[in-house]
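Here's the structure we're looking at; comments come further down.
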Amino acid sequence: MKTNNKPLYYILFVAIFAILLPAAYLSGLLSINTISIWGRYFCFAIAALGIDLIWGYTGILSMCQAFFFCLGSYGIAMHLVLQKTSLPDFMAWNKITELPFFWQPFHNAGVTFALCLIIPALFAFFIGYVLFRSRIRGVYMAIITQALTLAMWLLFLRNETNLGGTNGLTDFKTLLGFDLSSAQVKLSLYLVSFAVLCLAYIACHRITRSKFGKVLQAIRDSESRVSFTAYKTANFKLAVFVLAALLAAVGGMLYLPQTGIITPGRMDVKASVEMVMWVALGGRGNLKGAVIGALLVNFLYSLCTSWFPDSWLFILGFLFVLTVLYFDKGLIGLVATVRQRIPGLHFKTSQTTNRYVADSK
Amino acid sequence: MLLTVNNLSVSFGGVHALHLDHFSLGEKELRVIIGPNGAGKSTFLDIICGKTKADSGEVIFKGKPVLGKSEVQIAELGIGRKFQKPSVFPELTVYDNLLLAVKTKKDIFSTLFFKVSPAIAERIHDVAARLQLNTVIYKQAGALSHGQKQWLEIAIVMLQDPTLMLIDEPAAGMSDEETEKTGALLLELANTHSIIVIEHDMKFVEQIANHLVTVLVRGKRLMEGTFEEVKNDQRVIDCYLGRTNAQLETL
Amino acid sequence: MKCSMFKSFSLLLLGAAVSFSSCQQGASKSGTTDSTATASKETVKIGVLHSLSGTMAISEVSLKDAVQMAVDEINAKGGVLGKQIEPVIVDPASDWDLFAEKAKELLIDKKVSAVFGCWTSVSRKSVLPVFEQNNGLLFYPVQYEGEECSNSVIYTGATPNQQLIPAAEYLMSEKGGGYKKFYLLGTDYVFPRTANKILKAYLLSKGIPKENIVEEYTPFHHQDYQTIISKIKRFAADGKACILSTINGDSNVPFYKEFANQGLSAATCPIMAFSVAEDELRSMDTEFLVGHLAAWNYFQSNDLPENKKFVEDFKAFCAKKGLPGGDKRVTDDPICWAYTGVYLWAKAAEKAGSFEVSKVRNALYSLEFDSPDGLVKMDPRNHHLAKPVVIGEIKPDGQFDIIWKSAGLVDPQPWSPLTSPDKDCDWVNHNGTYAKK
Amino acid sequence: MRHFLRPGWILLFLLCSLRGRSQDSASIYVNQILQPSADSVRTNAIHRLVALRDPSTFPLLMAINDKKLYLLDNKAVTTDSKPSGDGNYRLYTVYPTYQLLQNSSGQPLLLPPGKLTAVDIPRADRLALVGIAPLLNLFSNDVQKRMLAYSQVGNLQDQSTLQLVAAAVNRETDENVQRIGREALYAARLYAAKDETNAKVYIDSIALNWSDNAATLLTSYSKEKAFSPAAGSYALAKASRLEKKYDNLQRIQNLFSGLSLGSILILIALGLSIVYGLAGIINMAHGEFMMIGAYTTYCMQLVFGHQAGDWFYVAALPLSFISAGIMGLILERLVIRHLYSKPLESLLATWGISLILVQTARLIFGDLTAVKTPQLLAGGWQVAPHLTLPYNRIFIIVLTLVMVLLTYLMLFKTKLGLQIRAVTQNRQMSACLGVETRQVAALTFFIGSGLAGLAGCAITLIGNVVPDMGQTYIVDSFLVVVTGGVGKLAGTIVSGLGIGFFTKISEAFFQAVYGKVFILLFIMLFMQYKPKGLFPDKGRIAEE
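Chains as they are written, first to last, in the UniProt record's numbering: chain A, 1 to 361; chain B, 1 to 251; chain C, 1 to 437; chain D, 1 to 544.
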């Protein structure tokens with residue numbers, strides 16, 4: 001199916017973030033810090049795309065995306081730590097004299113990148129295999145994945161796990177030989193993140209438009225019907241679960257060098273619910289919604305913690321409640337509704353409106 | 001025989017929902033199953049298509065045992081199911097609903113790189129036209145009327161191209177005209193497929209029951225015979241009395 | 001169609017980006033003070049980086065208040081080098097990633113001269129690279145695990161030897177009860193781990209046999225201490241055992257409650273806490289804590305006249321600003337050092353005649369200051385503070401009865417000679433951490 | 001204080017009369033302490049008194065040691081360690097006799113410390129008492145101090161010390177302290193024993209006496225102090241038998257801990273399960289209702305103040321139920337009723353609510369707070385010498401039992417319960433049959449939230465009260481619900497207890513965190529076989 005998009009608005013989006021913002025920095029209007037902050041938001045947006053695939057399109061509420069995100073981050077972080085020192089300082093404090101075996105492969109950059117993808121994928125595969133095989137779905141799925149994230153969070157908090165405990169991993173100097181503190185590297189990371197976001201968006205877009213994507217949506221609508229139509233739903237769910245985990249991991253991998261720290265705090269209960277909320281706020285079942293939700297919520301977060309530290313949680317809480325109650329389809333849906341309500345713009349027949357809703361899915 | 005069922009039984013929480021000593025269906029046969037509410041008709045179909053697990057007994061389809069197989073395996077064997085409550089994908093368009101049903105390779109990679117060939121598109125439009133869905137083919141399935149959803153689900157089953165179709169109450173919620181069209185369609189399909197139909201509407205049953213009718217009561221097979229035999233059987237009348245005898249009387 | 005919808009979002013995002021940059025340029029909530037008659041228009045900015053929301057807010061908000069109070073006092077006296085101090089307050093929301101982000105914001109966008117902030121080790125570790133890369137100066141007011149020697153951090157809190165060792169020494173002494181067995185119990189993070197490592201080394205060096213030292217850790221927010229207390233009970237059966245607790249935050253109450261309910265008490269087995277201070281005990285019913293001990297460098301019950309004034313001023317400040325708690329607020333060790341930190345910075349800037357980080361840093365060496373805790377002195381070679389050590393017994397009103405005080409100032413040892421005998425921290429003759437011959 | 005005059009002192013006076021000679025010099029020193037002509041005189045006097053070891057001066061020395069020496073009408077007096085109500089303390093004379101002061105009507109005289117003149121003894125002088133402090137403490141009013149004193153009293157081979165200890169043990173009223181005292185005496189005799197039979201008698205006595213320390217003592221005796229290998233190995237055998245007995249008791253203690261943890265989980269999950277079953281709501285704010293219950297209890301404590309004793313808790317029990325219930329009702333009306341049977345949406349919306357509630361609590365209450373344990377529930381029930389079951393945990397178990405019973409009765413014996421069960425099974429059908437589903441749902445939500453509030457009230461007994469306390473328990477209690485099967489009372493109870501026991505038993509082998517990971521793996525495997533929990537619904541309806 002061909003989409004009849006006018007590409008203008010995509011171009012605008014790309015122009016703002018790929019040209020305008022860097023240009024603003026180069027001309028001194030914005031600081032490199034702002035650029036870096038947006039770079040980090042893009043990483044969240046990449047993970048949000050994964051959440052949208054698994055939740056928005058397939059209807060499986062997975063609460064362990066934050067965990068996969070952290071796996072990606074931790075992998076890169078381990079590599080960066082080993083770039084700097086042969087034995088991380090926290091291990092020295094914990095009376096460990098030899099690098100644990102699972103740290104060894106992270107000396108090599110190529111292996112690290114591979115492992116950052118393979119480990120989350122394997123985790124997702126195992127978790128998904130066990131859960132989908134026993135037909136755990138809906139609420140059960142959400143709670144078990146949440147509990148799993150909680151358990152992993154507790155495990156990562158332990159110092160025995162040898163991943164830095166609560167403090168996580170921090171104080172990185174170079175990535176592939178580039179100095180992480182230099183502005184050029186930060187700008188490049190920003191641009192890379194944006195490029196990856198665009199690529200991920202295009203890939204997800206392709207996927208959702210393919211027959212595979214339709215099967216996912218069909219699973220969301222009526223899983224048993226899909227089974228009786230001879231699709232092995234468990235395999236499809238597993239595939240999209242792994243895919244979502246990979247997207248989260250990629251986001252995490254890019255997130256780390258721009259933030260400079262990864263701690264288990266990134267995957268506590270709060271973080272994992274919040275990640276889902278980005279997508280809910282933006283508009284689930286809509287890739288643009290996921291991206292916009294992730295960018296907007298995090299932008300608001302940065303803003304509010306500077307402006308209204310006390311009431312930030314109220315703002316977030318009310319946003320959650322209102323979104324769920326009144327804007328089932330998130331901001332994207334809200335805009336669609338508003339556009340229909342405004343008389344001047346209301347030129348579609350009901351049939352085409354329906355068509356449009358279907359298309360935008 | 002295409003389908004043979006022996007000593008099939010299932011119970012829910014100690015209540016026997018179904019206890020069927022024998023049932024068989026031939027190639028290209030259209031069988032109608034009737035019976036009062038709670039007779040176990042839907043449960044019977046649920047077991048055949050793998051939705052419900054039987055406690056004991058055997059179901060042989062094309063010489064292969066069916067029990068214990070997953071829904072997908074059963075569907076792949078060539079059994080298609082239409083449910084009592086229309087079960088379609090409400091948020092997909094009618095076209096997409098049908099596209100998913102078309103009998104092709106259904107593993108992950110083939111779906112990921114699937115391209116609609118002209119033959120498939122033609123087939124979809126064909127079936128859609130036969131069920132008068134061609135005017136709404138780009139509409140969301142959720143926006144269809146109840147009758148249209150029934151037809152859509154039948155279309156989905158048709159596109160799966162099964163050997164055996166299990167059709168649960170196809171005429172529910174349809175106008176008389178639609179009901180008659182559905183009947184005609186089923187008869188036409190019976191030329192190329194084996195079909196089991198569950199139905200309450202006796203007028204509809206009369207229209208489509210070209211061969212045998214099976215009567216289930218309280219999970220057991222009461223009798224089997226042509227529509228005429230069934231209609232005149234005292235036991236059948238007795239057990240419908242006080243329930244849906246109004247329907248019988250209209251005959 | 002969807003494109004037009006997308007347009008609005010593109011515009012929205014554009015607007016967002018622009019407004020964000022504008023906020024970056026200086027619209028952030030600044031905590032300028034209202035009380036001072038701003039004699040001079042010129043200001044110098046300092047950053048305040050304490051969590052005002054999230055789990056750490058309970059502890060950190062008080063430090064923000066203390067910093068603000070010190071700033072007000074200094075401004076009222078005419079500021080520093082003729083400039084009024086303008087605090088820029090941001091909220092890292094107990095989110096460690098956000099700490100780094102806000103630190104960058106303060107240093108790069110706001111260009112503050114110094115930052116006062118952080119509580120947990122992890123938040124300090126999170127901002128440390130930011131400060132080192134951008135040549136910032138962080139005043140860190142909380143007791144910490146040591147083994148760190150950053151040129152960008154001024155540690156006004158205690159190093160392990162300024163808190164842990166004297167406490168253990170006291171418990172082993174005849175006066176302290178002559179305890180022979182030690183249960184080292186902590187929350188599982190870097191401070192307890194390192195603290196216990198040092199304590200263990202110390203105890204072993206004092207001839208305590210290995211089997212008489214037990215080390216155990218619980219996760220954050222641990223609530224169920226039944227199993228651990230049964231273990232302690234067995235351990236403490238002969239009346240010769242005490243507990244050295246580095247349990248953090250909200251796990252303390254369940255721990256002390258279970259302790260009392262299983263029939264243990266301060267008399268049979270005292271708990272020496274390193275993370276329980278007046279501010280945490282403020283609105284708690286302390287009945288099950290009474291009689292247990294804590295080691296710090298400062299207690300509110302310190303009866304120096306400077307301290308009495310400080311306590312009164314702090315209460316008055318909180319009441320006047322309408323801060324939660326008002327005049328019922330208490331001071332404690334971190335509050336004292338957060339407050340002292342601002343004065344140290346101001347005094348160093350005056351001495352250096354500049355706000356430049358490197359000059360202020362150099363002026364800080366050996367700097368003396370009359371803190372609420374008496375005269376304290378910056379180390380001549382590194383960025384730590386020499387100060388007295390006190391041990392207190394918890395009273396029913398949540399205050400401490402001072403039962404032991406060090407003879408004079410205890411010099412800081414960022415690298416404990418017990419665990420890292422070969423290392424020391426010196427920024428004057430060496431480049432930070434160096435290997436001792 | 002039950003004893004106006006501690007029996008220990010009577011004996012002491014008898015002992016004193018034997019030592020009349022020292023009496024005179026003692027009284028001189030006492031006067032020098034109370035009215036010193038110079039600081040050095042007082043220092044000297046204190047040192048002399050300590051050297052004298054005259055029991056009649058012990059009350060005075062103890063008062064000095066405890067910083068509780070006062071003058072009242074020029075008489076030296078001391079006070080109890082704790083006030084006897086309203087901040088007033090009972091008073092005792094310290095020398096030459098130790099007696100409760102009474103007023104004219106024969107009642108104990110009660111005074112606040114402010115009305116007394118404290119005799120300030122400099123810290124340096126107090127340090128002189130360090131050596132004798134354990135001996136003083138043998139006769140203290142404070143059980144804890146007496147208990148401790150025996151382990152600190154030092155060398156019992158010294159006859160005068162032994163005499164004092166024996167006297168103290170004889171007069172001891174507290175069973176546990178007496179056990180420790182007896183052990184100290186037996187141990188002294190055991191160390192002194194020079195022949196097999198004698199040694200064995202004392203080893204047997206120590207084992208029979210079975211104090212907390214018995215096994216350690218016997219082991220160390222066998223290793224270091226035994227005069228013959230036979231006596232040593234006999235002691236070691238006894239010690240290992242005691243250890244074994246102790247381990248068995250420890251197992252019981254572990255089971256109790258599991259029961260206690262399980263009942264807390266049940267108490268929280270009970271409301272969650274009912275609401276979830278009936279309305280299909282995943283209430284992430286359930287933990288916050290618990291928090292509301294806990295803060296209600298805290299507020300009750302503030303309202304009642306310290307004088308009211310345990311009554312604040314009695315009031316808090318129903319009030320925490322009601323306040324959390326009402327809050328739940330408000331939320332149900334405002335938000336949650338729009339989300340019935342949309343579990344995933346409700347999960348997100350209630351998470352938002354939970355954020356709001358937590359931040360509200362943080363703004364109102366702010367600090368880390370805790371509720372004091374009611375006097376009745378303080379301490380524990382000593383089942384056996386080494387098995388103490390804390391009253392607060394017993395109370396929670398009983399409370400859970402009662403609430404489970406009430407919930408059962410409500411669900412299965414009342415019309416409301418019938419309606420709840422009907423709506424749980426089939427909402428539309430129930431509505432058709434004339435059940436006011438909205439009212440039933442609201443009422444259920446009230447009860448469910450109320451149960452959470454009650455759980456919060458109960459948890460104040462063991463933990464603190466903080467704004468985000470609910471989030472500590474919420475995931476665990478959801479696991480209980482999911483494992484048990486949605487909306488199933490029996491399932492909730494079985495899985496709650498199961499998880500409780502499993503946690504505590506695994507904690508005995510691993511550290512708490514690994515225990516948690518194991519439980520999770522176990523539940524995931526368990527769900528392979530029972531994907532809908534322990535007690536799934538059966539039949540066609542359930543599958544749709």
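A virtual CB, placed ideally from N, CA and C, is assigned to each residue, including glycine. Every value quoted in this text rests on a predicted model; they were computed, and no experiment measured them.
- Measuring C-alpha to C-alpha distances from Ile396(D) to each of Arg427(D), Leu265(D), Val475(D), Leu416(D) identifies Leu265(D) as the nearest.
- Within the stretch 226-243 of chain A, the residues whose Cβ lies closer than 7 Å to some Cβ of chain B are Ser227, Phe228, Thr229, Ala230, Tyr231, Lys232, Asn235, Phe236, Ala239, listed in chain order.
- The contact set of Asp411(C) on chain A, defined by CB atoms closer than 9 Å, is empty, because the minimum CB distance reaches about 22 Å.
- When Cβ-Cβ separations below 9 Å define contact, Thr388(D) makes contact with chain C.
- Distance from the CA atom of Gly177(C) to the CA atom of Ser220(D), rounded to whole angstroms, is 21 Å.
- Using a Cβ distance threshold of 9 Å, Tyr183(C) and Glu211(C) do not count as a contacting pair.
- With fewer than 16 other Cβ atoms inside 10 Å of its own Cβ, Val398(D) counts as exposed.
- Boundaries of the beta strand (DSSP E) around Ala384(D): 380-384.
- Contact check for Leu364(C) and Leu344(C): beta-carbon distance about 7 Å, within the 8 Å limit, so the pair qualifies.
- Annotated as proximal: Asn261(C) and Arg393(D), with beta-carbon spacing under 9 Å.
- Between the alpha carbons of Gln148(B) and Val196(A) lies a gap of roughly 44 Å.
- Glu287(C) has a beta carbon lying within less than 9 Å of a beta carbon in chain D.
- Among the residues of chain A, those whose CB is under 7 Å from the CB of Asp109(C) are Ser31, Asn33, following chain order.
- Only those residues of the stretch 477-508 of chain D whose C-beta falls short of 9 Å from the nearest C-beta of chain C are listed: Thr503, Lys504, Glu507, Ala508.
- Look at the stretch 197-220 of chain A: the residues with a C-beta under 8 Å from a C-beta of chain B are Ile207, Ser210, Lys211, Phe212, Lys214, Val215, Gln217, Ala218, Arg220.
- Within chain A, no C-beta atom comes less than 8 Å from the C-beta of Val197(B); the nearest is roughly 17 Å away.
- The Cβ-Cβ distance between Ser506(D) and Ile519(D) falls below 9 Å.
- Among the residues of chain A, those whose CB is under 9 Å from the CB of Ala75(B) are Ser227, Phe228, Thr229, Ala230, Tyr231, following chain order.
- Here Gln207(B) carries a helix assignment [DSSP, helix/strand/coil].
- Around the C-beta of Val5(B), 16 or more other C-beta atoms lie within 10 Å, and the residue is accordingly described as buried.
- With respect to chain D, the C-beta atom of Ala23(A) has no partner C-beta closer than 9 Å.
- Just so you know, the alpha carbons of Lys211(A) and Pro86(B) end up roughly 22 Å apart.
- Taking a contact as a CB-CB distance under 8 Å, the pair Phe172(A) and Val291(A) does not count as one, their CB atoms being some 27 Å apart.
- The criterion of a C-beta distance shorter than 9 Å is not satisfied by Ala188(D) and Phe227(D).
- Beyond the five residues adjoining it in sequence on each side, Ala201(C) comes within less than 7 Å, by CB distance, of Leu418, Thr419 in the same chain, given in chain order.
- Contacts with chain C at 9 Å (Cβ-Cβ) do not include Thr424(D).
- Per DSSP, Gly500(D) is not a residue of any beta strand (DSSP E); the alpha helix (DSSP H) it occupies stretches across 489-509.
- Beyond the five residues adjoining it in sequence on each side, Lys64(C) comes within less than 6 Å, by CB distance, of Val48, His50 in the same chain, given in chain order.
- Within chain D, no residue has its CB atom less than 7 Å from the CB of Phe42(A), the nearest being about 24 Å off.
- With fewer than three CB-CB distances shorter than 8 Å, the stretch 166-185 of chain A does not count as touching the stretch 6-17 of chain A.
- The continuous stretches of alpha helix (DSSP H) do not include Arg221(B), which lies in the beta strand (DSSP E) extending over residues 220-225.
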